[in-house]
Amino acid sequence: MKRLITATAALTFLLAPAAHATGHKGGEPALEARAILPADASFPAPFAGVINTDPAPAPGATQPVGGFSALLDAGNGEFWAMPDNGFGNKANSRSFILRLYRVKPNWRTEWGGKGTVQIREAITLSDPDEKIPFRIVNETTPDRILTGGDLDIESVRQAPDGTFWFGEEFGPFIVHTDSKGRVLDAPVSIPRIAGQPRVQSPDNPYLFGRTNNLGGSSGFEAMALSADGRTLYPFLEGAVIGDDPLVRRVYEFDIKERRYTGRTWTYRMTQPTTFVSDAVAYGRDQLIVTERDNGQGATALWKKAFVIDVPDRRSVLAKREIVDLIDIKDRDGISLFGARPGDFGLGDPFKFPYSTVEAVLPLSGNELAFVNDTNFGSTGRNANLPDYSDFIIVKVPGIK
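Numbering-wise, the sequence shown is residues -21 to -1, 1 to 379 according to mature numbering (1 follows the signal peptide of the UniProt record, and there is no 0).
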């Protein structure tokens, strides 16, 4: 958590005028800052990322950045922003490189600002030491760069030693890399716990003809790291087949031992057909968990964040709503900057009407950063235009 303190200090300085002006205007969540990364953003790569293609190394190639499923503090007001597996599934994302991008928002606040996002660098995931036991897309290449045809990374946390831990959906697996993105251990499957069948998705490479008991895209979308950096809490995005449809299983993973502890909890959804989309530590004793429906634009009805206690002896995790992202105050008109004809949900109240809102990060005090996954074609903000990556900071007075 030391790095979080550094970034918090930087963001507090950056947003001090907006926080002073906006925070006293009421007890409701309010938009404090916003920055946009265009839908067509790209970054240099050894081969191009193109839907339904295999990797084809070429000079001057680029990868589409896409939207983001996770945010980490990178210090100095910057973030590590993580796309998922790419174009939507295992078969069509074989040339989409798995990466973390270090981004720098130039925030738009009530005091002005560009409202843009710079991409500073990228960490590319790879398996040069052949730790992954199943065949990957770039199996025979020296670098063994990982793509969306290998794994579907949806959540990430950075341990105190600088290594990264990814929550993944094809297994679902937990994947461990060094600070450069090189895989350190074989991906860890969910073990059989208390006599229950092993949880496996339809894309699990070890399914071997058996019937999956977890739907596609229902794995570790959310994964929190405890404040002491010792424990991961991965959440299944969807229900295990046979469970109550409102139940989402939560596991405990010991980082030092690199194994599941066998302890599990139940997180209960408030609404049917909704999903857990992120989870992150808030202080030492709480987690923030986000939920979403599949709606976008005017049909986006459930994009909310809740506070829960860090899992303990209780089997069911109680929760308290802290923000509704479809109803955020914007009395200063921050969201109206750069508005386009047909844009939906700008002004007061401001709406975050994207299909997949999958990333939240606590900043200073009671400020939270959010960003959406664009899905390479979602149209939540404008029915005629593909979604951009929408970075926002929301003041949440009732978070504590």
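Backbone N, C-alpha and C fix where the C-beta goes; we use that ideal spot for every residue, glycine too.
From this set, V286, T245, R247, which residue's C-alpha is nearest Q265's C-alpha? Ranking the options by Cα distance to Q265, first place goes to V286.
Does the beta-carbon of A338 have 16 or more other beta-carbons within 10 angstroms, so that it is buried, or is it exposed? Buried, since its Cβ has 16 or more Cβ neighbours within 10 Å.
Checking 9 angstroms against the spacing of the C-beta atoms, do T243 and D272 come in under that value? The answer is no: Cβ separation not under 9 angstroms.
Under the rule that 16 or more other beta-carbon atoms within 10 Å means buried, what is D140, buried or exposed? With fewer than 16 Cβ atoms within 10 Å of its Cβ, D140 is classed as exposed.
Where P84 falls, given that 16 or more other Cβ within 10 Å makes a residue buried: Buried, by the Cβ-count rule.
For the structure I just gave you, are there three or more beta carbon pairs, one from the segment 26 to 34 and one from the segment 327 to 337, closer than 8 angstroms? Segments in contact, no.
Cβ neighbours of Q250 in the same chain (closer than 6 angstroms, five flanking residues each side left out): Answer for Q250: W281, listed in chain order.
In three-state terms, what does DSSP make of I313? DSSP places I313 in helix when its eight states are reduced to three.
7 angstroms Cβ shell around I122 - same chain, five flanking residues per side excluded: Note on identity: in this sequence residue 122 is Asp, with Ile being the wrong assignment. Within the same chain, D122 has close Cβ partners S105, P107.
State the Cα-Cα distance for the pair L304 and R189, rounded to the nearest angstrom. If you take the alpha carbons of L304 and R189, they lie about 40 angstroms apart.
Taking the C-alpha atoms as reference points, what is the distance between H3 and L163? Because the pLDDT at H3 is just 35, under 50, the model does not fix this residue reliably, and the value given afterwards should be weighed accordingly. Taking the straight line joining both Cα atoms gives about 48 angstroms.
To the nearest angstrom, how far is it from the Cα of residue 381 to the Cα of G94? There is no way to answer for residue 381, as the model of the chain reaches only from -21 to 379.
Kindly list the residues whose CB is nearer than 8 angstroms to the CB of residue 380, restricted to its own chain and excluding five residues on each side of it in sequence; keep chain order. Outside the modelled stretch of the chain, which goes from -21 to 379, sits residue 380, for which no answer is possible.
Please identify the residue among A40, G198, R73, V259 whose C-alpha is closest to the C-alpha of R114. By alpha-carbon distance to R114, the top candidate from A40, G198, R73, V259 is R73.
Other residues of its chain near P224: CB distance less than 7 angstroms, five sequence neighbours each side excluded: Hits under 7 angstroms: A218, P251.
What is the rounded straight-line gap between the Cα of V167 and the Cα of G46? Between the C-alpha atoms of V167 and G46 there is a straight-line separation of about 26 angstroms.
If you draw a straight line from the alpha carbon of F145 to that of D257, how long is it in whole angstroms? C-alpha of F145 to C-alpha of D257: approximately 12 angstroms in a straight line.
Run through DSSP, which three-state label would A277 get? The DSSP-derived three-state label of A277 is helix.
Using only CA atoms, which one of F199, R227, T120 lies nearest to V154? When each option's Cα is compared against that of V154, the closest is F199.
Can you tell me where the beta strand (DSSP E) with Y246 in it begins and where it stops? Residues 238 to 247.
Take every Cβ of the segment 318 to 326, pair it with every Cβ of the segment 30 to 41, and state whether three or more of those distances are shorter than 8 angstroms. Contact between the segment 318 to 326 and the segment 30 to 41 is absent, because fewer than three Cβ pairs lie under 8 angstroms.
Where G141 sits in the DSSP three-state scheme: Coil at G141, not helix or strand.
Determine the DSSP secondary structure at R(-19), reduced to helix, strand or coil. Note that R(-19) has pLDDT 32, beneath the 50 cutoff, so the model's placement of it is unreliable and no number is given.
Would you tell me roughly how many angstroms separate the C-alpha atoms of F370 and V268, rounded to the nearest one? Cα to Cα, the separation comes out at about 18 angstroms.
In or out: E300 buried (at least 16 other Cβ within 10 Å) or exposed? So E300 ends up on the exposed side.
For D311 and T210, the rounded distance between their alpha carbons: So the alpha carbons of these two residues sit roughly 40 angstroms apart.
Could you tell me the distance, in whole angstroms, from the CA atom of I378 to the CA atom of D306? So the two alpha carbons sit approximately 16 angstroms from each other.
I378 in three-state terms, based on DSSP: Note: I378 maps to helix in three-state DSSP.
What do you get for F187, buried or exposed, if any count of 16 or more other CB atoms within 10 angstroms of its CB means buried? Under the 10 Å beta carbon count, F187 is surrounded by fewer than 16 other beta carbons and is classified as exposed.
Whole angstroms are fine: how far does the CA of A49 sit from the CA of V135? For V135 and A49, the gap between their C-alpha atoms comes out near 6 angstroms.
Count the other CB atoms within 10 Å of the CB of Q275; is the residue buried (16 or more) or exposed (fewer)? The Cβ neighbour count for Q275, taken over all protein chains shown within 10 Å, is at least 16; the residue is labelled buried.
Rounded C-alpha distance that separates A60 from R263: Near 23 angstroms, if we compare the C-alpha coordinates of R263 and A60.
Spatial neighbours of H(-2) within its chain, please: CB distance less than 6 angstroms, with the 5 preceding and 5 following residues excluded, ordered by chain position. Since pLDDT at H(-2) reaches only 30, below the 50 mark, its modelled position is unreliable, and no value is offered.
Separation of T32 from P181, as counted between CA atoms: Each residue's alpha carbon lies about 22 angstroms from the other.
My output table needs one value for P176: the three-state DSSP class, helix, strand or coil. Reduced to three states, the DSSP call for P176 is coil.
Locate the beta strand (DSSP E) running through R97, then write down its first and last residues. In the sequence under discussion, the amino acid at residue 97 is Gln, which differs from the Arg named in the question. For Q97, the enclosing beta strand (DSSP E) begins and ends at 95 to 103.
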